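Those protein sequence lines, which keep their order, are chains A and B. Residues 1 to 481, numbered by the numbering used here, are exactly what the first sequence covers, in order. Residues 1001 to 1523, numbered by the numbering used here, are exactly what the second sequence covers, in order. Accompanying notes for the structure given below.
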Amino acid sequence: MSSGIVSAAYIGAAVLFILSLGGLSNQESAKRAVWYGILGMAIAVFVTIFGPGVYNIFLILAAVLAGSYAGYFISGKVQMTEMPQLVAALHSFVGLAAVFIGLNAEMMLNSIITLRDSGLPMNSSELTGFGEKLWQKDYIEIGILKAEVFLGIFIGAITFTGSIVAFGKLAGKLDGSPKKLKGGHYLNAISLFACLILGWMYLNGAGIWSMVIVTIISGFIGWHLIMGIGGADMPVVVSMLNSYSGWAAAAIGFTLGNDLLIVTGALVGSSGAILSYIMCKAMNRSFISVILGGFGENTGPQMVVDGEQISIDIDGVASALNDANSVVIIPGYGMAVAQAQQSVSALVGKLRDKNIKVRFAIHPVAGRLPGHMNVLLAEAKVPYDIVLEMDEINEDFSNTDVVIVIGSNDIVNPAAQDDPNSPIAGMPVLECWKARQVFVSKRGQGTGYSGIENPLFYKENTRMLYGDAKVSIDALLPKIE
Amino acid sequence: MKVGAPKEVHLGERRVAITPSSAVQMQKLGHECIIESDAGLAAGFSDEAYKEAGVKVLKSAAALWKASDIVIKVRDPIKAEQKFFRDNQTLISFFNPADNEELLKLAAKKGINVIAMEMVPRISRAQKMDALSSMANIAGYRAIIEAGNNFGRFFTGQITAAGKIPPAKVLVVGAGVAGLAAIGTATSLGAIVRAFDVRPEVAEQIESLGAEFLFLDFDDNQGGAETGGYASPSSPEFRDKQLSLFLKQASDIDIVITTALIPNHEAPELWTKEMVERMKPGSVIIDLAAEKGGNCKLTVPDERIVTENGIIIVGYTDFPSRMANQASTLYSTNIRHMISDLTPNKDGVIIHDMEDDVLRGATVTYNKKITYPPPAPKIAAIATPKTNKSTKPLSRAEEKSLSDKAFKTATKLQIGLLCVGGLLMLGVGSVAPESFMQHFIVFVLACFIGFQVIWKVSHALHTPLMAVTNAISGIVILGALLQVGSSNFLVLLLSTISILIASINIVGGFLVTRRMLAMFQKS
Chain A
1 MSSGIVSAAY
11 IGAAVLFILS
21 LGGLSNQESA
31 KRAVWYGILG
41 MAIAVFVTIF
51 GPGVYNIFLI
61 LAAVLAGSYA
71 GYFISGKVQM
81 TEMPQLVAAL
91 HSFVGLAAVF
101 IGLNAEMMLN
111 SIITLRDSGL
121 PMNSSELTGF
131 GEKLWQKDYI
141 EIGILKAEVF
151 LGIFIGAITF
161 TGSIVAFGKL
171 AGKLDGSPKK
181 LKGGHYLNAI
191 SLFACLILGW
201 MYLNGAGIWS
211 MVIVTIISGF
221 IGWHLIMGIG
231 GADMPVVVSM
241 LNSYSGWAAA
251 AIGFTLGNDL
261 LIVTGALVGS
271 SGAILSYIMC
281 KAMNRSFISV
291 ILGGFGENTG
301 PQMVVDGEQI
311 SIDIDGVASA
321 LNDANSVVII
331 PGYGMAVAQA
341 QQSVSALVGK
351 LRDKNIKVRF
361 AIHPVAGRLP
371 GHMNVLLAEA
381 KVPYDIVLEM
391 DEINEDFSNT
401 DVVIVIGSND
411 IVNPAAQDDP
421 NSPIAGMPVL
431 ECWKARQVFV
441 SKRGQGTGYS
451 GIENPLFYKE
461 NTRMLYGDAK
471 VSIDALLPKI
481 E
Chain B
1001 MKVGAPKEVH
1011 LGERRVAITP
1021 SSAVQMQKLG
1031 HECIIESDAG
1041 LAAGFSDEAY
1051 KEAGVKVLKS
1061 AAALWKASDI
1071 VIKVRDPIKA
1081 EQKFFRDNQT
1091 LISFFNPADN
1101 EELLKLAAKK
1111 GINVIAMEMV
1121 PRISRAQKMD
1131 ALSSMANIAG
1141 YRAIIEAGNN
1151 FGRFFTGQIT
1161 AAGKIPPAKV
1171 LVVGAGVAGL
1181 AAIGTATSLG
1191 AIVRAFDVRP
1201 EVAEQIESLG
1211 AEFLFLDFDD
1221 NQGGAETGGY
1231 ASPSSPEFRD
1241 KQLSLFLKQA
1251 SDIDIVITTA
1261 LIPNHEAPEL
1271 WTKEMVERMK
1281 PGSVIIDLAA
1291 EKGGNCKLTV
1301 PDERIVTENG
1311 IIIVGYTDFP
1321 SRMANQASTL
1331 YSTNIRHMIS
1341 DLTPNKDGVI
1351 IHDMEDDVLR
1361 GATVTYNKKI
1371 TYPPPAPKIA
1381 AIATPKTNKS
1391 TKPLSRAEEK
1401 SLSDKAFKTA
1411 TKLQIGLLCV
1421 GGLLMLGVGS
1431 VAPESFMQHF
1441 IVFVLACFIG
1451 FQVIWKVSHA
1461 LHTPLMAVTN
1471 AISGIVILGA
1481 LLQVGSSNFL
1491 VLLLSTISIL
1501 IASINIVGGF
1511 LVTRRMLAMF
1521 QKS
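This is how it looks when you write it as structure tokens:
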């Protein structure tokens, strides 16, 4: 296959990728969009393998087949509630691959320069596609190439370790609370500075050892950075890592002079960046404060909540639901933890059969992944047109009879509006307390992730339904008639 | 104190303000009860029954008025009764203060404290004394019974060996208490019921009783909440639409119950002559607003008439009185609750607390002064529906200036960004070789497209977006593919591993996205 055909195929693949992302603008076209992506990827990989300058086809096929089988196996087995950790784990692969490819580039650069300097003509040795490009580079271009290698390795390593930590936290294998080594962000700053110095040395002729050290140090930065961010900020972290994996791919694209890699990397990078921005906005916090971990400094004492949490039993909830005309359900991470989405869906089905208007209110940062709740509800076959965003439903709460809060806490905390000293002050929240009656399904009396007391639980129209969300809702089901 | 109920002297009035059972309750509050002889006879309560309940029976009205500290009545007092008014007496009765200025003046002059039952404010606490609602409930029920009496067919549809009978179609105009009672009665008799009200928020109540709400598509639908749950006059445009809706219904409907009353206004004309003419012969109109002029102008108050085309129009104004026993039971209970609020210590001593919202609202004369109309109650009757002030439509000019402003700032921002971006490009271009610049252009354009495309992704699809971008970031596999031919073993190893894990990424990412997207479904 000539390089012209390869380029043409790359253009096609790039267009398909753009269509694929654009198609996600609504649920119906999204089903088509994923096939564009698959097709684009298939074209890109196929023409590259059978294009010029690629050898060891059998090794490649073996690796591709093994990897594909593993991917197929994982994607079939994963539970929808485990989606956040899966996405994080997959990000780490991209990061690691970027690091390897960067290191390879440096090694090949060395060997080819030696080869070229020995005075042999180019076609005398069997060069790979990348090797040919290297052969033709002049002095300045090699300098730029080295800078690109450095960037690719640096971002790739941060993505790799950061994603592993995020995976650990999301999967519950690591403690979700923020942890920092002594020195905190100064340690990160020093590490970053060290990387820059090593990068400079590398540009000025230092050997591959400098890049290996950069890998290790930036790996440490990624680990330390994400360790310092708590579980509730994970939607931002995951989308940030998504963005990084894109930039790493783009940097590799520059190194290799491959436009398709650059285009795709840039698409992914900007996508992750926008998602992070949306998530931060939903929490009314700046990106920097999320990345630096923990909540901002408080300016004064928090409002003291008085009153008591009044509990209610299943029968009470059932009779209120039986009498209601409109019901809004606010799911949160607790629903995912309890795997309650199927039970919730069954409840919704029963209520809808009774001609009760049921809707879901989804806060942008509910769950641990952007759009996490939507996916869980979709899995449980909840029709997406009754699943509404915060802005669409916030005004309707005053006309709602019953609100059921399932495992969410900070996103329904009225302190965000009432208490200027609250750590979450100013964060847009679902104003469910305006409804006639609010039921909160919760495991115990503890505070949510952020450790903030929630005045909602003490409100006059709030009743607490203690217990595992799935068990509670399953018990509720037979009582709805 | 002595609570006395005279015999109603109003022509045809059968109700009585006290029943034996309400008398027992009032005695528990420390009051003594008296009644004029035969006062309860028309409502089915004999003097003996009252005596058994411990009520003293007096022979004449004059004696009763003289003996009573509190006089309880149904209708507003007529001339003959007015002369019995005396200082420091309390009268609890319907009083019609809006149209009875002279009577008010007289009562104030004579020093009688009058509590008008129709003035009880519509707040939850006062529901137990809301005599208007209890009477309206009866009127609504009785209106259907009266309609059935005049209508020559069944309410319910039947298929019998002798043929098929279509169900009666009933239209109820105005879904206040009377309207809702009529709807409930008619549906339980098996009729097909449609109902209309100017307040769209009652649609739910109408539907809950099994009737169909005739929806009028009009922006300026009025909420009844700010007028204490009562309707207020409509705009002419609204009225036109409403009349054309009724006109369409007229030929289809067998029975019309109109209950539209606006406090202190003449009843609005809702059922025009044209509509009456369109109705089928034998159809029945029950006009519950007859007393205030009628919702149908053909209505003759207190009479049943038949029009030329055979439509029966019933204009009785005494529906509650036609069910005197039931009406008296309910009314006496309302009165009893009022008296119980007046005697908070249950010791037979009246404390007329003018600070109390309910008592203040219902009292029309007190201490020789007219206290009608009352000030607005402190508690709003019904939660007012939230109207969002910010969505109040801006005038065109304001809107334009706002959008102009937004446009200008957006333009400034974009031009600024373009300038900065352009300068950066120039800076890079001045040092970097051409081969790099080619790729750099591609990179910048791709970022740009990415930003444009991703903003449009719907919120619900953010997780699939992450999964699909994750899958396509597996494109790094191309880098590894281009390196795997190297003769260096280490390079070979690393690139093989890269191919392996990138493949996991690609396949895993796409399949999981597909799985997620397949789950999204419309209801």
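Think of the CB as a built atom: it goes at the ideal place given N, C-alpha and C, for glycine as much as any other residue. Fair warning: this is a prediction, and the values are worked out from it, not measured in the lab.
> Taking 7 Å as the CB-CB limit, is Val403/A close to chain B?
Replying inline: no
>> 7 Å is my cut-off, CB to CB: does Lys1241/B come that close to chain C?
In response: As a matter of chain content, chain C is missing from the structure shown, whose protein chains are A and B.
> Residue range of the alpha helix (DSSP H) that Pro84/A falls in?
Replying inline: Note, Pro84/A: alpha helix (DSSP H), 83-117.
> Do the CB positions of Ala1178/B and Ala1147/B come within less than 7 Å of each other?
Replying inline: no
> In terms of alpha-carbon separation, which member of Gly172/A, Met279/A, Glu308/A, Asp259/A lies closest to His372/A?
Replying inline: Met279/A
> Can you list the beta strand (DSSP E) stretches of 3 or more residues lying completely in the stretch 1267-1338 of chain B, in chain order?
Replying inline: For the stretch 1267-1338 of chain B, whole beta strand (DSSP E) runs of length 3 or above, ordered along the chain, are 1284-1287, 1304-1306, 1312-1314.
>> By alpha-carbon positions, which one of Ala1168/B, Phe1510/B, Arg1514/B ends up nearest to Ala42/A?
In response: Considering only alpha carbons, the answer is Phe1510/B.
>> For Thr1463/B, list the residues DSSP reports as bridge partners.
In response: The partner list for Thr1463/B (beta bridge, DSSP) is empty, contrary to what the question assumes.
>> Which same chain residues end up closer than 7 Å to Ile226/A when comparing Cβ atoms and leaving out the 5 residues on each side of it in sequence?
In response: Gly162, Val165, Ala166, Val237
>> Quick check: the stretch 175-193 of chain A against the stretch 253-271 of chain A, are at least 3 beta-carbon pairs closer than 8 Å?
In response: no
> Based on the DSSP secondary-structure assignment, which residues constitute the bridge partners of Glu389/A?
Replying inline: DSSP lists Ile362/A as partners of Glu389/A.
>> I'd like to confirm something about Ser311/A: is its beta-carbon nearer than 6 Å to some heavy atom of the ligand ZN, or not?
In response: Although the ligand ZN was asked about, the structure shown includes no ligands whatsoever.
> Val344/A CB to nearest chain B CB: under 7 Å?
Replying inline: no
>> Can you find the residues in the same chain that come closer than 7 Å, C-beta to C-beta, to Val412/A, ignoring five residues on each side of it along the sequence?
In response: Ile330, Val405, Val429, Leu430, Cys432, Leu456
> Per the contact definition of three or more C-beta pairs closer than 8 Å, is the stretch 1489-1503 of chain B in contact with the stretch 307-326 of chain A?
Replying inline: no
>> Nearest by alpha-carbon distance to Ser1244/B: which of Ala1186/B, Ile1255/B, Ile1285/B, Arg1278/B is it?
In response: Ranking the options by Cα distance to Ser1244/B, first place goes to Arg1278/B.
>> So, under 8 Å CB-CB, Glu141/A and Pro1464/B are touching, yes? Tell me the CB distance rounded to an integer number of Å.
In response: That belief does not hold up - the Cβ atoms of Glu141/A and Pro1464/B are roughly 40 Å apart, past 8 Å.
>> Relative to the C-alpha of Met566/A, which candidate in Ser319/A, Val365/A, Ala320/A, Lys470/A has its C-alpha closest?
In response: Any question about residue 566/A goes unanswered here, given that chain A covers just 1 to 481.
> In the structure shown, what three-state DSSP assignment does Leu1011/B receive?
Replying inline: coil
> Who are the near neighbours of Leu181/A in its chain, counting only those whose CB is closer than 7 Å to its CB and skipping five residues on each side?
Replying inline: Leu187, His224
> Under three-state DSSP, which class holds Ser1194/B?
Replying inline: Per the sequence shown, residue 1194/B should be read as Arg rather than Ser. Reduced to three states, the DSSP call for Arg1194/B is strand.
> Counting along the chain, where does the alpha helix (DSSP H) carrying Tyr244/A start and finish?
Replying inline: For Tyr244/A, the uninterrupted alpha helix (DSSP H) segment begins and ends at 234-256.
> What do you reckon, are the CB atoms on Ala1143/B and Ile1257/B nearer than 7 Å?
Replying inline: yes
>> Can you pull out the residues from the stretch 1462-1474 of chain B whose beta carbon lies closer than 8 Å to at least one beta carbon of chain A?
In response: His1462, Thr1463, Pro1464, Leu1465, Met1466, Ala1467, Val1468, Thr1469, Asn1470, Ala1471, Ile1472, Ser1473, Gly1474
> Using CA coordinates, which residue listed in Leu1216/B, Gln1027/B, Ser1251/B, Val1431/B is at the minimum distance from Glu1237/B?
Replying inline: Leu1216/B
> CA-CA distance, Leu321/A and Val328/A?
Replying inline: 11 Å
> Quick one: complete alpha helix (DSSP H) runs, 4+ long, within the stretch 1009-1082 of chain B?
Replying inline: 1020-1028, 1047-1052, 1061-1067, 1079-1082
> What residues match up with Pro331/A in a beta bridge as DSSP calls it?
Replying inline: Ile406/A
> If we cut at 7 Å on Cβ distances, does Ile1123/B have a partner in chain A?
Replying inline: Not one chain A Cβ lies under 7 Å of Ile1123/B.
> Candidates Phe1095/B, Cys1033/B, Gly1044/B: which alpha carbon is nearest Val1533/B's?
Replying inline: The structure shown does not extend to residue 1533/B, since chain B is modelled only from 1001 through 1523, so no value can be given for it.
>> Strictly under 7 Å for the Cβ-Cβ distance: is Pro52/A near chain B by that measure?
In response: no
>> So, under 8 Å CB-CB, Gln1082/B and Leu1058/B are touching, yes? Tell me the CB distance rounded to an integer number of Å.
In response: Not quite, the Cβ-Cβ distance comes to about 19 Å (not below 8 Å), so this is no contact.
> Going by beta carbon distance, what residues of the same chain come within less than 8 Å of Leu1106/B, once the five residues before and after it are set aside?
Replying inline: Gln1082, Phe1085
> Roughly how many angstroms lie between the CA atoms of Ala249/A and Ile1472/B, to the nearest whole one?
Replying inline: 10 Å
> Using 7 Å as the limit for Cβ to Cβ distance, is Ile1449/B near chain A?
Replying inline: It does: the Cβ of Ile1449/B has a partner Cβ on chain A nearer than 7 Å.
> What are the residues of the stretch 1176-1203 of chain B that lie near chain A, defined by any Cβ-Cβ distance shorter than 7 Å?
Replying inline: Cβ contacts with chain A: none found.
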